[in-house]
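**Q** Chains as they are written, first to last, in UniProt numbering: chain A, 1 to 77; chain B, 1 to 513. Built from N, CA and C at the ideal position, the CB exists for glycine as well. After the structure tokens below, expect a handful of questions from me.
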Amino acid sequence: MDIKRVKDYIYWLYYQYLLITCSYVLEPWEQSMFHTITVTVFAMVVYTAYVFVPIHVRLAFEFFSQIFGGQPESTVS
Amino acid sequence: YMKTDRLYKRPFNEAFEETPMLVAVLTYVGYGVLTLFGYLRDFMRQWKIEKCQNATEREEQKDFVPLYQDFENFYNRNLYMRIRDSWNRPICSVPGAKVDMMERVSHDYNWTFTYTGRVIKDIINMGSYNYLGFAQKAGTCQQAAAKVLSQYGAGVCSTRQEMGNLDKHEELEKLVARFLGVESAMAYGMGFATNSMNIPALVGKGCLILSDELNHASLVLGARLSGATIRIFKHNNMQSLEKLLKDAIVHGQPRTRRPWKKILILVEGIYSMEGSIVRLPEVIALKKKYKSYLYLDEAHSIGALGPSGRGVVEYFGLSPEDVDVMMGTFTKSFGAAGGYIGGKKELIDYLRTYSHSAVYATSLSPPVVEQIITSMKCIMGEDGTNVARVQQLAENTRYFRRRLKEMGFIIYGNEDSPVVPLMLYMPAKIGAFGREMLKRNIGVVVVGFPATPIIESRARFCLSAAHTKEMLDTALKEINEVGDLLQLKYSRHRLVPLLDRPFDETTYEETED
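Structure follows, in structure tokens:
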């Protein structure tokens with residue numbers, strides 16, 4: 001019973017995605033093309049975030065703490 | 001600055017909630033995706049990868065100036081065709097409160113339709129302009145019309161000026177004049193033609209037409225055909241109208257600076273795409289101050305507004321003598337066809353001779369005339385049956401609008417207008433709403449570009465005195481379900497105060513969040 005509700009909810013979310021991006025009105029082959037492109041772009045965004053965001057956040061944190069802390073820090077941490 | 005608080009005898013509640021920013025952005029995203037796929041399909045059609053099923057030029061004409069490359073045709077091919085099954089649905093019974101519809105399917109994505117042969121019965125009809133419920137196949141109107149049909153036949157075969165002036169037409173015109181409270185009236189066979197053929201007879205070159213932004217195509221066509229100068233004022237905005245009038249009186253005609261021969265203000269009683277009611281007291285005050293003429297198109301408001309159904313003039317408690325030309329149609333509240341113009345006797349006698357409709361168009365068919373006469377007498381209460389249709393419509397309107405607002409939809413327009421536009425915004429939801437409501441046995445009209453601005457697509461409900469409370473409750477339950485399914489409840493209960501009135505003069509229940 002719960003599995004059915006979860007599946008219905010996920011289907012409803014998929015339906016909202018179809019409506020918002022207007023892929024609801026496209027023909028099936030157009031929909032497949034659109035889903036492929038969207039999933040690819042989304043995967044690339046997630047991978048880029050995973051690889052680069054922690055390093056950038058750490059560097060930014062060190063930069064700002066150097067400005068406000070005022071203590072000389074070695075460039076190699 | 002006009003003191004407007006003394007002109008209105010009752011509160012004027014009109015609201016147009018602002019589009020939420022996220023919804024507008026997502027709508028543009030949706031249209032962007034559709035445009036990209038439209039370019040892709042057009043490319044495939046041009047390079048013959050896909051069969052082209054829409055209209056194109058012939059092979060010999062391929063080097064000429066292209067006919068089908070503007071935005072309207074692009075939109076038509078690539079969006080309208082995909083959701084076309086929500087429009088032009090064939091109905092096969094009288095369009096009363098419930099209607100039967102022929103079922104049709106499409107196997108090639110709406111380019112062609114085939115009928116399955118089944119008839120979907122008893123669909124609740126929220127799309128017909130049947131405001132007072134006179135679209136019936138039984139009852140006094142139908143019996144009177146059948147009797148006249150057996151006496152006079154169906155065709156008239158002539159124009160009003162030749163042999164087509166029946167005694168029924170004279171009776172109808174006297175009745176219409178009495179109903180409206182004007183001196184004289186004239187009836188025409190088609191409502192659109194009443195506007196487009198009579199405005200050229202009233203104004204010409206050297207005259208000025210001040211027309212509302214959202215006027216109907218018939219008024220725009222009539223204004224353009226007349227050859228007068230046209231200036232547009234913002235929708236229902238009296239400051240904009242006053243500024244235009246002042247400029248017109250002060251500066252006169254563009255190059256010669258001569259005074260304008262006539263200034264005609266074109267407004268409608270109820271605007272059917274917005275559900276808003278014209279601010280008639282202020283328009284009449286402006287008209288008197290600047291000595292111009294007023295043409296009021298009451299296509300949707302005659303029979304639907306006012307305590308006894310006499311239209312928007314009675315709704316505001318004004319005198320019909322203040323409006324110079326009162327035009328209306330019989331198609332909406334009277335369940336017939338045709339239009340009328342009412343006014344002073346000199347004006348109508350002039351129109352009888354000089355109107356194109358009177359000279360060239362066939363006059364109204366006799367059973368239709370009898371339907372109008374019977375329904376008008378029924379509204380006036382003269383035929384003995386005491387059916388309080390106007391009150392029923394007003395109750396239905398208030399109830400329906402209140403419930404929809406409570407559910408959280410964005411509804412445009414005035415509290416008292418029986419036309420209820422419900423905002424959809426996203427293009428995929430236009431098609432989805434129409435189809436989901438038909439699955440639940442409710443027929444609605446959805447509207448998109450080009451009848452509305454491109455992001456403001458809507459579903460338009462037309463209430464009727466024939467709807468019982470049970471039908472409205474069923475419809476509201478289904479609308480609630482579909483609203484949850486499609487996530488249409490955008491309202492944040494933030495009513496934008498109407499810009500041309502100071503804060504304390506409008507009454508609205510909720511303030512900003």
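So M471(B) is in the alpha helix (DSSP H); what residue range does that whole segment cover?
**A** 469-486
**Q** Looking at the structure shown, is M327(B) part of a helix, part of a strand, or coil, going by DSSP?
**A** strand
**Q** Decide if A55(B) is buried, meaning its Cβ has at least 16 other Cβ atoms within 10 Å, or exposed.
**A** exposed
**Q** Suppose contacts are defined by Cβ-Cβ distances below 8 Å. Is residue 531(B) in contact with P307(B) by that definition?
**A** Any question about residue 531(B) goes unanswered here, given that chain B covers just 1 to 513.
**Q** Measuring only between beta-carbons, confirm whether L26(A) sits less than 8 Å from chain B.
**A** Yes, because at least one Cβ of chain B sits closer than 8 Å to the Cβ of L26(A).
**Q** May I ask which residues mark the beginning and end of the beta strand (DSSP E) holding E30(A)?
**A** Premise fails: E30(A) lies in the alpha helix (DSSP H), 28-69, not in any beta strand (DSSP E).
**Q** Which chain A residues sit within Cβ distance under 7 Å of L486(B)?
**A** L19
**Q** When you compare the CB of P20(B) with every CB in chain A, is at least one pair closer than 8 Å?
**A** no
**Q** Determine whether the beta carbon atoms of L355(B) and G164(B) lie at a separation below 8 Å.
**A** In the sequence as presented, Leu is not what sits at residue 355(B); that position holds Ser. No; because the gap between Cβ atoms is not below 8 Å, this pair is not in contact.
**Q** Given that a residue counts as buried once 16 or more other Cβ atoms are within 10 Å of its Cβ, and exposed if not, what is N88(B)?
**A** exposed
**Q** Considering only residues of the stretch 190-248 of chain B, which uninterrupted beta strand (DSSP E) runs meet the minimum length of 3 residues and lie entirely inside it, listed in chain order?
**A** 208-212, 229-233
**Q** Since P427(B) is in the alpha helix (DSSP H), which residue starts that stretch and which ends it?
**A** For P427(B), the enclosing alpha helix (DSSP H) stretches over residues 427-439.
**Q** Could you tell me if A475(B) is buried or exposed, where buried requires 16 or more neighbouring beta carbons within 10 angstroms of its beta carbon?
**A** A475(B) is classed as buried because its beta carbon has at least 16 other beta carbons within 10 Å across all chains shown.
**Q** With a cut-off of 8 Å on the beta carbons, I'd call D297(B) and M273(B) a contact; round off their distance for me.
**A** No, D297(B) and M273(B) are not in contact; Cβ-Cβ is about 14 Å, not under 8 Å.
**Q** Cβ of G275(B) within 8 Å of Cβ of S417(B)?
**A** yes
**Q** Measure how close the beta-carbons of L241(B) and V203(B) come, nearest whole angstrom, since I'm counting them as under 8 Å.
**A** Not confirmed; about 17 Å, so no contact.
**Q** Distance, Cα to Cα, K62(B) vs E50(B)?
**A** 18 Å
**Q** What does the alpha-carbon distance come out to for the pair F64(B) and Q46(B)?
**A** 16 Å
**Q** Is G339(B) helix, strand or coil when you go by DSSP?
**A** strand
**Q** Of all the residues that make up the stretch 33-50 of chain B, which are near chain A by a beta-carbon distance shorter than 7 Å?
**A** V33, L34, F37
**Q** Verify the CB distance criterion: does M426(B) have a CB-CB separation below 8 Å to chain A?
**A** yes
**Q** Do we get a CB-CB distance below 8 Å when we pair E30(A) with the residues of chain B?
**A** For E30(A), the answer is yes, since a Cβ of chain B falls inside 8 Å of its Cβ.
**Q** State yes or no: is the C-beta of V94(B) within less than 8 Å of the C-beta of K147(B)?
**A** no
**Q** Please work out which residues of its chain come closer than 6 Å, Cβ to Cβ, to F12(B), disregarding the five sequence neighbours upstream and downstream, and give them in chain order.
**A** none
**Q** Let me confirm a value: F400(B) is counted as buried when at least 16 other C-beta atoms fall within 10 Å, else exposed. Which label applies?
**A** buried
**Q** Leaving out the 5 sequence neighbours to the left and right, which residues in its chain are closer than 6 Å to F461(B) when beta-carbon positions are compared?
**A** Once the five neighbours on either side are set aside, the close Cβ partners of F461(B) are M126, V420.
**Q** If distances are taken between C-alpha atoms only, which option among L214(B), I123(B), K168(B), T452(B) comes closest to S365(B)?
**A** K168(B)
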